[in-house]
Amino acid sequence: MRRWLGEWSLAGFLALAKGAVAESEGSQTLLSCNYGDGSFTTFRSPAYPSHSIRIKEQNDEVCDAGSRQYTGWLEFHGKHIFFCLMLELGPCRIKTGGNLTERNPYSWTRNSSMIFVDQPVGTGLSYVDSCQDIPTTSEIAAEDMYIFLQIFMTEVFPERRHTPFHIAGESYAGHYIPTLSREILRQNQVSETSEIPLRSILIGNGYVSPLDTLYGYYETLCTTKPGVDEPVFNQTRCQVISEKLPRCISIYEVCYRYPDELLCKAASEVCGVIKELYHNESHAGGRDPFDITRICEVDHLCFSQTLEIQKYINKPGTWAALGVPEAVRNFSIESTEVASAFETTTDLYSNVMKDIKYTLEHGVDVLIYNGNLDLACNTAGNLRWAEALRWNGQAPFTSEKLKPWYSNVRGSRVKAGSFKEVFASIPNGVSGKQRFAFVTVDKSGHMVSASVIAAEYGS
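With mature numbering (1 follows the signal peptide of the UniProt record, and there is no 0) applied, the sequence shown corresponds to residues -22 to -1, 1 to 437, in that order.
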């Protein structure tokens, strides 16, 4: 998958989501401001006079990255979006105990310059002055992110504004990324600002189509296809899923056609019977929805690493090193405020397949990858919508069978998963090719890049 990584990559996640500063030419307004220790520099753009980025070069106190790194915030209209940090594919990982970090030998920063963003605003160390400023849809979040990227790439790092750009993320990023991709490509056509050279998007275990994810529960829990020796559920529970699924699909399809909030919530409640069979047992010591072969270590998030991350980032020394303002009360791996805001709209119940189609039709490569042991955003469901996507390459993509891919693990060539990839002509006489690939990763769950097996596959 390294060939999908260019020199610039953006990683954005629901709860979690660097280069060399040089002076810009021409339009840049550069201000030096005192933010406590006076180390932040503020950049503004004439195209967005009410927005600014304050940024500083980060030392190795928080993360000994082995390369130059930066932290900061995009600030506008009571919103403050934070960028930097560490998890899974970042330059550092947190040691057991949550007190220290160590360099991540599998970091994507070995191959590209990375920007990690806590978005939408209200997650991670991104914060708002008022709860009314929290986004309620992926579209609003995409508008915020587009402006951040414009200022970041044209004012803060202008020498890199023509460098190929790639966006990667997982989980609810299955909504965020296609929406942001569409916003970038739309603005590239109509805006007078600099074009963002988007080349590909990468979505891991993404929440793209809720209906198809629910459809995948049967295959994930009632067959051995995910790579388990025997099904997770017994015949009785599988019979319940089989009986409930047709009505769930029917009412959810109506929600897709007519995205009304009350209608979609009703569909979610009907389908909730299927989800609850597993998720009601997802707690410490119970079933893990992110890896069906594991037992939850802690609470509903299941990974003890999440508590260690929170512990480390909330240390006073970490906050001081990052320059976190007092307005941020604490860092949490998830944001109930943002989740509640999104629940007031139909964003949680919608699919973003149209945005992926739009992305492909504009010559941007799309890679969907999935850890096979994940239930929350399962392989079966994501493959179902991928094959149903109506684009120029649908027929050859659907006809193409998944083929095994191999990796060198400790000197041995082993099957690491399956994949299929299709190239198709861009419609309307536009030159170039559309490239769509679907990759599965064996023995991995929701967070592919964080698992030991995935790290070995990528070595």
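In this text, a Cβ means the ideal position worked out from N, Cα and C, and glycines have one as well.
Proximity below 7 angstroms, CB of residue i to CB of residue j
{"i": "P156", "j": "V330", "result": "yes"}
{"i": "C242", "j": "C226", "result": "no"}
{"i": "C355", "j": "G184", "result": "yes"}
{"i": "F126", "j": "I229", "result": "no"}
{"i": "T314", "j": "T114", "result": "no"}
{"i": "E286", "j": "G76", "result": "yes"}
{"i": "A415", "j": "N370", "result": "no"}
{"i": "K34", "j": "S23", "result": "no"}
{"i": "D107", "j": "G56", "result": "yes"}
{"i": "residue 438", "j": "H257", "result": "Because the chain spans -22 through 437 in this model, residue 438 falls outside it and cannot be assessed."}
{"i": "W297", "j": "V186", "result": "no"}
{"i": "G349", "j": "S422", "result": "yes"}
{"i": "P374", "j": "V400", "result": "yes"}
{"i": "P142", "j": "R177", "result": "yes"}
{"i": "Y124", "j": "Q165", "result": "yes"}
Buried or exposed (CB count within 10 angstroms, at least 16 for buried), residue i
{"i": "E148", "result": "buried"}
{"i": "Y105", "result": "buried"}
{"i": "L380", "result": "exposed"}
{"i": "G194", "result": "buried"}
{"i": "R71", "result": "buried"}
{"i": "I270", "result": "buried"}
{"i": "K398", "result": "buried"}
{"i": "T74", "result": "exposed"}
{"i": "residue 474", "result": "With the chain covering -22 to 437 only, the question about residue 474 has no answer from this structure."}
{"i": "R391", "result": "exposed"}
{"i": "L192", "result": "buried"}
{"i": "K393", "result": "exposed"}
{"i": "Q128", "result": "buried"}
{"i": "S220", "result": "exposed"}
{"i": "C274", "result": "buried"}
{"i": "P98", "result": "buried"}
{"i": "L300", "result": "buried"}
{"i": "R235", "result": "exposed"}
{"i": "N82", "result": "buried"}
{"i": "T7", "result": "Unreliable placement is indicated for T7, whose pLDDT of 33 sits below 50; no coordinate value is reported for it."}
{"i": "G152", "result": "buried"}
{"i": "Y384", "result": "exposed"}
{"i": "A146", "result": "buried"}
Close beta carbons around residue i, own chain, < 8 angstroms, minus the five adjacent residues each side
{"i": "T284", "result": "V276, I311"}
{"i": "T337", "result": "P156, S159, R160, L163, I179, V344"}
{"i": "K411", "result": "G341, F401, A402, S403, I404"}
{"i": "E259", "result": "R265"}
{"i": "P237", "result": "T324, Y327, S328"}
Option in the options with minimal Cα separation from residue i
{"i": "L279", "options": "K289, D266, I291", "result": "D266"}
{"i": "S91", "options": "N77, Q372, H144, A319", "result": "H144"}
{"i": "Q372", "options": "T79, S396, P405", "result": "P405"}
{"i": "residue 476", "options": "F126, L199, R235, R71", "result": "A question about residue 476 goes unanswered here, because the residues of the chain that appear run from -22 up to 437."}
{"i": "T324", "options": "G395, Q36, F126, A244", "result": "A244"}
{"i": "Q288", "options": "Q36, E39, L78", "result": "L78"}
{"i": "S172", "options": "I252, P83, F130, F94", "result": "F130"}
{"i": "T376", "options": "P382, A366, P237", "result": "A366"}
{"i": "A43", "options": "D96, Y84, Y154", "result": "Y84"}
{"i": "E197", "options": "M123, L361, P294", "result": "L361"}
{"i": "V408", "options": "G295, E339, V426, E117", "result": "E339"}
{"i": "A120", "options": "D96, P136, Y48, Y234", "result": "D96"}
{"i": "P136", "options": "P175, Q165, N212, C109", "result": "P175"}
{"i": "C109", "options": "R413, V306, E378, G389", "result": "V306"}
{"i": "Y150", "options": "S169, S116, D122, E170", "result": "S116"}
{"i": "E231", "options": "D190, V426, N386", "result": "D190"}
Same chain, Cβ closer than 7 angstroms to residue i, five either side skipped, listed in chain order
{"i": "V302", "result": "L103"}
{"i": "T202", "result": "E208, P209"}
{"i": "R368", "result": "K335"}
{"i": "A319", "result": "I112, P113, T114"}
{"i": "N308", "result": "N292"}
{"i": "I246", "result": "First, the residue type needs correcting, since residue 246 is Ser and not Ile in the sequence shown. Only Y327 meet the Cβ criterion."}
{"i": "G100", "result": "V106, I112, S313, E315, V316"}
{"i": "V134", "result": "V(-2), F21, I31, I33"}
{"i": "D333", "result": "P156, T157, S159, R160"}
Close-in-space but distant-in-sequence residues of the same chain around residue i (CB under 6 angstroms, 5 per side omitted)
{"i": "Y347", "result": "G182, V417"}
{"i": "E53", "result": "S30"}
{"i": "L255", "result": "R215"}
{"i": "C41", "result": "M64, P69, C70, T79"}
{"i": "I118", "result": "none"}
{"i": "T132", "result": "R139, S172"}
{"i": "E39", "result": "A299"}
{"i": "R272", "result": "D266"}
Beta strand (DSSP E) segments (min. 3 residues) lying fully within the region 49 to 112: 57 to 61, 70 to 72, 79 to 81, 91 to 96
Residue ranges of each alpha helix (DSSP H) within the region 350 to 388, 4 or longer: 357 to 366, 372 to 377
Any alpha helix (DSSP H) of 4 or more consecutive residues that is wholly inside the region 258 to 338: 282 to 291, 294 to 300, 314 to 320
3 or more residues per run - each beta strand (DSSP E) lying fully within the region 170 to 252: 176 to 184
Start-end ranges of the beta strand (DSSP E) lying completely within the region 132 to 167, minimum 3 residues: 143 to 149
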